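Here the structure is laid out as structure tokens; the discussion comes afterwards.
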Amino acid sequence: MSHSLNQSSHNISKQLNQQFEMTSDFEKRIIFKGKISIFYLNTIVDKDQIQSYIIEPLQQSFEINNENKLSIQQIKTIVNAASLKETHSVEEIKQALVKGNTFLFIEGETNGLLIPTTKWIERGLEETLGERAIRGPAIGFTENLTTNINILRRIIQTPELTIDTKTYGTYSRTDVSVIYINHLVDQSILQKVQERISNINVDYILASRIVEDAIEGKPKTFANLVMIKERVDTTTSALLEGKVIVLIDGSPYAIISPTLFVDFFQSPDDFHLKTGRFVNRLIRYLGFMLSILIPGIYVGLEKFHSDDYSKKIQKDVFNNGEVLPTFWEVFILLILFRILIDIGSRAPKGTVIIITLLATIVIGEMSVSAKLVHPASLVATGLSTFLSTLVIYRGQTALLSLRYVYFITCYFFGLPSIMVVSTILILYLVQLKSVGVPYLSPLIPFRCDEFQDIFFRGNLRKLQNKKHEFPNTE
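Numbers 521 to 994, taken from this note's numbering, label the letters of the sequence shown in order.
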């Protein structure tokens with residue numbers, strides 16, 4: 521049941537302040553000695569319209585008529601707006617504010633006016649570089665914090681969306697916004713994120729990595745305990761799952777926390793396409809495991825088990841008089857492929873094709889023809905690098921470096937070392953936490969109710985109506 525406005529302006533202000541108390545873009549302006557109050561969210565309204573069409577006409581009317589009080593009906597004839605709506609419902613006011621309306625209230629009146637002043641920021645659809653998708657919105661974040669908040673408010677139009685903006689840095693001040701949906705967020709997670717960000721003590725923030733490190737906490741680990749997103753649709757989805765988003769002025773990326781191991785295997789296509797909902801994620805998990813295991817398995821087989829095969833297989837699959845031993849073949853090729861990816865992602869677009877062509881000739885044809893490397897070594901390392909791209913652009917780069925651990929242990933201790941290293945790795949990952957949430961959840965601890973969006977994408981209507989909960993053992 522909606523509340524009535526049949527009360528003083530102070531009480532109205534109190535109710536709205538209670539709803540938006542943690543929202544930094546909520547503003548109230550009192551004009552004409554407290555007789556009129558206006559309320560709005562400054563990130564989604566046109567302030568010029570408020571000044572030109574509301575405040576200035578009212579000021580002129582007061583000066584000309586020298587009136588002490590204006591009624592709602594009089595204000596309707598003064599305010600220059602195409603449409604006005606009279607309301608007495610506080611709930612309606614809250615919903616209107618998050619749609620970009622300005623609420624005008626007169627002391628002593630039972631009704632107020634909702635005035636359209638929306639200014640949604642329009643941006644041409646630009647495909648995000650690191651998170652391309654077949655379908656779905658292509659819009660990404662910009663470097664302007666106000667623009668990014670405007671985009672989020674346009675999609676999630678609820679008064680529960682809270683924007684908590686504070687400034688950090690001693691010499692150069694940078695705005696950092698912690699964003700969450702109040703009735704969905706886990707308060708203990710929110711408290712940890714806010715506490716860790718508040719402990720940032722730096723001269724300036726020019727890179728989001730400073731905030732990422734602060735949110736991840738200590739001790740430091742090679743695993744990614746936060747996720748970086750440049751797509752707006754995946755960021756809003758995280759908000760609706762009860763996660764906390766951090767935006768930094770000057771950075772076109774959103775920091776999502778908590779972040780779990782399974783999150784890196786999701787893709788926007790999973791939620792926009794009908795096909796592949798049962799197999800796409802399984803392929804990504806399989807690709808990740810093969811990408812870190814193939815080099816190790818290959819050198820382990822060559823060193824400890826090559827004699828178990830016929831001479832023809834040994835010649836076709838393992839070293840056949842090449843200049844470099846198999847271990848150094850694979851190691852050098854892995855480094856070269858990593859360099860190629862690094863160059864390809866940073867080189868000017870016009871040179872990428874040329875660089876790729878040269879790399880294909882030099883690394884591929886020439887090295888094999890000169891018997892520097894075995895063709896099978898080239899296939900193994902190439903396949904490992906190729907499969908790693910399934911997750912490398914989703915922030916999983918650090919875990920992909922595990923291929924070097926398996927590669928070295930398999931060379932010195934054989935294939936059984938895979939089980940030993942995997943056991944140690946799982947035990948290590950189990951004790952990791954992302955702002956208090958177990959990193960391997962819902963696998964460990966096992967939570968069956970969350971499996972409908974882990975290895976496959978479940979029914980979208982059920983997923984959207986499901987309230988996500990995070991186990992917090994701290």
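Glycine included, every Cβ here is placed at the ideal spot set by N, Cα and C.
In this text the structure is predicted, and so the values were computed from the model without any measurement.
With contacts defined by Cβ atoms closer than 7 Å, V850 and T901 form a contacting pair. Here DSSP, grouped into helix, strand and coil, assigns G632 to strand.
Distance from the CA atom of P965 to the CA atom of L681, rounded to whole angstroms, is 30 Å. Setting aside the 5 residues that flank it on each side, I814 is surrounded in the same chain by A900, L903, S904, each with a C-beta closer than 7 Å to its C-beta; the list follows chain order.
Straight-line spacing of the CA atoms in I532 and I654 works out to 47 Å. Annotation for F540: F546 place their beta carbon closer than 6 Å to its own, counting only its chain and skipping 5 residues before and after.
Unbroken alpha helix (DSSP H) runs of no fewer than 4 residues, entirely contained in the stretch 665 to 740, are found at 665 to 675, 707 to 718, 729 to 736, following chain order.
Within the same chain, I709, K763, S954, V955, V957, F990 come within 7 Å of P778 by CB-CB distance, once the 5 residues on both sides are set aside. With a 10 Å radius around the Cβ and a threshold of 16 neighbouring Cβ atoms, Y926 comes out buried. Here H703 is exposed. Its C-beta has fewer than 16 other C-beta atoms within 10 Å.
Collapsing the DSSP output to three states places K982 in a helix. The beta carbon of R673 is closer than 6 Å to those of I564 in its chain, skipping five residues each way along the sequence.
Between V618 and P577, the gap from beta carbon to beta carbon reaches 7 Å or more. When DSSP states are grouped into helix, strand and coil, N621 belongs to the strand group.
For the pair of segments examined, the stretch 710 to 726 was found not to touch the stretch 740 to 755: the number of CB pairs separated by less than 8 Å stays below three. For the pair I683 and I699, the CB atoms are nearer than the 7 Å cut-off. Assignment of alpha helix (DSSP H) within the stretch 813 to 863, counting only whole runs of 4 or more residues, yields 831 to 837 in chain order. Y773 is bridged by DSSP to nothing; it lacks a bridge partner. In this structure the stretch 838 to 850 lies against the stretch 886 to 893, because at least three pairs of beta carbons, one per stretch, are closer than 8 Å. The beta carbon of H792 is closer than 8 Å to those of A653, I654, R655, G656 in its chain, skipping five residues each way along the sequence. Rounded to the nearest whole angstrom, the C-alpha separation of A743 and L949 is 8 Å. At the C-beta level, R804 and F785 come within 7 Å of one another.
DSSP, reduced to helix, strand and coil, places F582 within a helical segment of the structure shown. Spatial neighbours of I598 in its own chain (CB-CB distance under 8 Å, excluding positions within 5 residues in sequence) are listed in chain order as P577, L578, S581, L590.
When DSSP states are grouped into helix, strand and coil, L922 belongs to the helix group. In this structure, Y691 sits near D723, with a CB-CB distance shorter than 7 Å. Closest option to I768, judged by alpha-carbon separation, among T687, L860, S811: T687.
If you check the CB distance, L856 and I883 come in under 7 Å.
Between G807 and C930, the gap from beta carbon to beta carbon reaches 7 Å or more.
DSSP, reduced to helix, strand and coil, places P958 within a strand of the structure shown. Contact between the stretch 864 to 873 and the stretch 829 to 844 is absent, with fewer than three C-beta pairs closer than 8 Å. Nearest to L980 by C-alpha distance, out of P936, V819, D790, is D790. Boundaries of the beta strand (DSSP E) around L561: 556 to 561. In the DSSP assignment, the residues bridged to V764 are S777. With a beta-carbon spacing of about 7 Å, T694 and G770 fall inside the 8 Å limit used to define contacts. Looking at the backbone, the Cα of I874 and that of R858 are separated by about 17 Å.
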